[in-house]
Amino acid sequence: MSGYSTPIRLLMVNQLTINIGFYMLMPYLAAHLTGDLGLAVWAAALVLGVRNLCQQGLFLLGGSLADRLGYKPMILTGLLLRTVGFAMLGLVDAVPALLAASALTGLAGAFFNPAARAYLAQEAGERKVEAFALFNVFYQTGILAGPLVGLLLNAVAFRLTCLTAAALFAVLALAQARALPARRGSRADADVSILADWRSALGDRAFCLFALAMTGSYVLGFQVYLSLPLAVPEQAVWIFVVSGAMAMLGQVKVTAWAAARWTPGQAITRGLTLMGLAFVPPGLIAAGLPGGVAVLAATVLLTLGSMIVYPFEMATVARFGGERIGTYYGLYSTASGIGVAAGNVLSGVALEAGLAWWGLVAVGLGCAAGVHLLCRSRHGFSTERVVPPANTG
Numbered sequence: 051m052s053g054y055s056t057p058i059r060l061l062m063v064n065q066l067t068i069n070i071g072f073y074m075l076m077p078y079l080a081a082h083l084t085g086d087l088g089l090a091v092w093a094a095a096l097v098l099g100v101r102n103l104c105q106q107g108l109f110l111l112g113g114s115l116a117d118r119l120g121y122k123p124m125i126l127t128g129l130l131l132r133t134v135g136f137a138m139l140g141l142v143d144a145v146p147a148l149l150a151a152s153a154l155t156g157l158a159g160a161f162f163n164p165a166a167r168a169y170l171a172q173e174a175g176e177r178k179v180e181a182f183a184l185f186n187v188f189y190q191t192g193i194l195a196g197p198l199v200g201l202l203l204n205a206v207a208f209r210l211t212c213l214t215a216a217a218l219f220a221v222l223a224l225a226q227a228r229a230l231p232a233r234r235g236s237r238a239d240a241d242v243s244i245l246a247d248w249r250s251a252l253g254d255r256a257f258c259l260f261a262l263a264m265t266g267s268y269v270l271g272f273q274v275y276l277s278l279p280l281a282v283p284e285q286a287v288w289i290f291v292v293s294g295a296m297a298m299l300g301q302v303k304v305t306a307w308a309a310a311r312w313t314p315g316q317a318i319t320r321g322l323t324l325m326g327l328a329f330v331p332p333g334l335i336a337a338g339l340p341g342g343v344a345v346l347a348a349t350v351l352l353t354l355g356s357m358i359v360y361p362f363e364m365a366t367v368a369r370f371g372g373e374r375i376g377t378y379y380g381l382y383s384t385a386s387g388i389g390v391a392a393g394n395v396l397s398g399v400a401l402e403a404g405l406a407w408w409g410l411v412a413v414g415l416g417c418a419a420g421v422h423l424l425c426r427s428r429h430g431f432s433t434e435r436v437v438p439p440a441n442t443g
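Here the sequence shown is numbered in this note's numbering, starting from 51 and rising by one per residue.
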């Protein structure tokens, strides 16, 4: 992380710790609710759904508050809320209390996620693409490490997992309170209401079209957890290992390579195309291609496409957002969350009908075409490469 300011380094550690704490608990929560606590499946689904609803539904509010109140206060508030929420998940067993705990964990994400990304984008300046590439390395490392830590703790007790995760968030909140420099929100002195900012963001036609097109990338990326493991259940663990290891080891180099050759719009378009084409191998299973080979190829192509897209995508949202950067990140996250929810339902129906793979190919190519058309309008997109070829070696 040499060459980056102290706030950026702290934000990287912040995201790593957040993901370790989150993923050491959440993959095992459903089993705890239905097994240890004996809840009905519908009740467990309700508890899990409340978290997702609170997080996705309040991203926009969290981002706008970060613009007004500052990024550090929202990050700290989110960390403290998740500390309380995770501790409650390990200590309570009544459904109303579990719903409250789940709501707190979702609200926490709605507060610190847009704030952290807005802070990073503001602090990185012209190095947004590079910073978000490194950010994704820490993000993916946390996703890989979290479940392994949780597996060890769950061997003792799920309550220990919850309290350990809560302790991680508490320690992180204290460390960030002391070490993370305060930054004024980009709308701290605004003389118009938050609702006016929302109307402005929703009225930004090019941004809304970009967010709509990019929901496809999140639907495709989620197939690492849905359709691909279902295709080869006995090899599902390797999907996560390969995907996480590629991002950890190759993200920065892939981003540097793409930045030297393509404009941000070109990188996003080609990354989306690759993500769509990733589902061609599974589509050939019926023609005799071995399932393990097809899913491994899909995982590699899908992860590579996502690695190309993510840093340029986050930098583009910041470019659209301007002084309303938190609001735009919040709206973008809300749109992607709604898209994933709808896309998962449609993917499930398509899986049962045997049409999922080619439908996912169409989603990827369609989204790539949509972003390409937006790029031609040049609204919100940089038309220059981030790094000149001479600097890439």
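Yeah, the Cβ is synthetic: ideal placement off N, Cα and C, and Gly gets one too. From a predicted model like this one, the values you see are computed outputs, not experimental measurements.
Own chain, CB closer than 8 Å to residue i, minus 5 neighbours either side, in chain order
i: G53; result: none
i: V345; result: L278, A281, V282, Q285, I289, P331 and P332
i: H422; result: G315 and T319
Beta-carbon separation (whole angstroms), residue i vs residue j, contact threshold 8 Å
i: T191; j: Y78; result: Wrong, their Cβ atoms sit about 19 Å apart, outside the cutoff.
i: C375; j: A171; result: A small correction: the amino acid at residue 375 is Ile; Cys does not occupy that position in the sequence shown. Contact holds; Cβ gap of about 6 Å.
i: V179; j: T305; result: 6 Å
i: A263; j: G420; result: 4 Å
i: T155; j: W248; result: No, T155 and W248 are not in contact; Cβ-Cβ is about 25 Å, not under 8 Å.
i: G128; j: F162; result: 3 Å
i: A223; j: L126; result: 6 Å
i: F182; j: A365; result: 6 Å
Close Cβ partners of residue i (< 7 Å) along its chain, the five nearest in sequence each way excluded
i: Y121; result: A165, A168, Y169, R233 and G235
i: A348; result: L278, A328, F329, P331 and P332
i: G409; result: A400
i: A215; result: G71, M74, L75 and F136
i: A297; result: N186, V187, Q190, T353 and M357
i: T84; result: V91 and A94
i: T323; result: G414, L415 and A418
i: T58; result: Sequence check: residue 58 is Ile here, not Thr. Only L170, E173, A174 and A181 meet the Cβ criterion.
i: A368; result: A171, K178 and I375
Buried versus exposed call for residue i [16 or more other C-beta atoms within 10 Å across all chains shown]
i: W92; result: exposed
i: P438; result: For P438, the predicted model reports a pLDDT of 43, less than 50, meaning its position is unreliable and no value from the coordinates is stated.
i: E373; result: exposed
i: D117; result: buried
i: A144; result: exposed
i: T56; result: exposed
i: N441; result: A caution first: N441 carries a pLDDT of 39, below 50, which makes its placement in the model unreliable, though a value can still be read off. Classification of N441: exposed, given that the 10 Å Cβ count is below 16.
i: D254; result: buried
i: A337; result: exposed
i: S397; result: buried
i: R132; result: buried
i: R426; result: exposed
i: G88; result: exposed
i: A205; result: exposed
i: V242; result: exposed
i: L60; result: buried
Close Cβ partners of residue i (< 6 Å) along its chain, the five nearest in sequence each way excluded
i: A317; result: A308, I358 and F362
i: Y73; result: I193, G196 and P197
i: G159; result: Q105
i: G321; result: G355, I358 and V359
i: G140; result: R209, C212 and L213
i: W407; result: F329, P332 and G333
i: A80; result: A94
i: G266; result: V413 and C417
For residue i, the first and last residue of its enclosing alpha helix (DSSP H)
i: M74; result: Per DSSP, M74 belongs to no alpha helix (DSSP H) and is neither H nor E.
i: T214; result: F208 to A229
i: P332; result: V330 to G333
i: R177; result: Run containing R177: none; DSSP gives neither H nor E here.
i: Y360; result: G341 to G371
i: D117; result: V91 to L119
i: W407; result: A406 to S427
i: F257; result: R255 to G271
i: Q14; result: With the chain running from 51 to 443 in the structure shown, residue 14 is simply not present.
i: G315; result: P314 to L327
i: A144; result: Run containing A144: none; DSSP gives neither H nor E here.
i: A238; result: That residue, A238, is in no alpha helix (DSSP H); it is neither H nor E in DSSP.
i: T384; result: I375 to A403
Residue i at chain C interface by Cβ criterion, 8 Å
i: M124; result: No chain C is part of this structure, which consists of one protein chain only.
* Would you call the segment 94 to 101 and the segment 149 to 165 touching, i.e. three or more CB-CB distances under 8 Å? -> yes
* **Three CB pairs or more closer than 8 Å across the segment 380 to 387 and the segment 272 to 290** => no
* Asked: Any chance the segment 386 to 398 sits against the segment 135 to 144, with 3 or more Cβ pairs inside 8 Å?
  -> no
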